[in-house]
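In our numbering, the protein residues as written are 32 to 164.
Here it is as structure tokens:
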């Protein structure tokens, strides 16, 4: 309903930026709908243009990028090299923690999958969409 409303109030050529958290580890009685990249793409398909992406600048995407963006209230974006370096440190630390956790018990997924989900999709991370009507 929110995306439909955004579409209805935008003028032709108007743009919107959407952020959708991805809490795959959260389950609740009210957990009726799970937003994924493909679901978000389907939901914004009524716009004339849409780009779906994970926050970051390509190589420095992931939880680390979001952490530093939030901590600095977005001001770190004016220092992209520093942002990238700090994001990389957080992502590497998280990757190391996942490697240690992964070795403790057999898992139904690969180590690379565990690292990808922890660095790119866990906690307060999610997907972004830029749309134009």
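We treat Cβ as the ideally placed atom computed from N, Cα and C, and that holds for glycine. Everything numeric in this text was worked out from a predicted model, so none of it was measured.
message = Among the candidates 129, 102, 131 and 130, whose CA atom is the shortest distance from the CA of residue 117?
response = 102
query = In three-state DSSP terms, what is residue 106?
reply = helix
In DSSP terms, what residue 163 is bridged to = 46 and 80
query = residue 158 bridges to which residues according to DSSP?
reply = 51
query = Which whole-angstrom value describes the C-beta separation of residue 162 and residue 78, a residue pair presumed to lie in contact below a C-beta threshold of 8 Å?
reply = 4 Å
task = State the start and end residues of the unbroken alpha helix (DSSP H) segment that holds residue 147.
result = 142-147
Residue interval of the alpha helix (DSSP H) (run including residue 139) = From DSSP, residue 139 is part of no alpha helix (DSSP H); its letter is neither H nor E.
request  = Specify the secondary structure class of residue 95 as computed by DSSP and reduced to three states.
outcome  = helix
Beta-carbon separation (whole angstroms), residue 164 vs residue 38, contact threshold 8 Å = 6 Å
ask   = Between which two residues does the alpha helix (DSSP H) containing residue 135 stretch?
value = Element bounds for residue 135: n/a, residue is neither H nor E.
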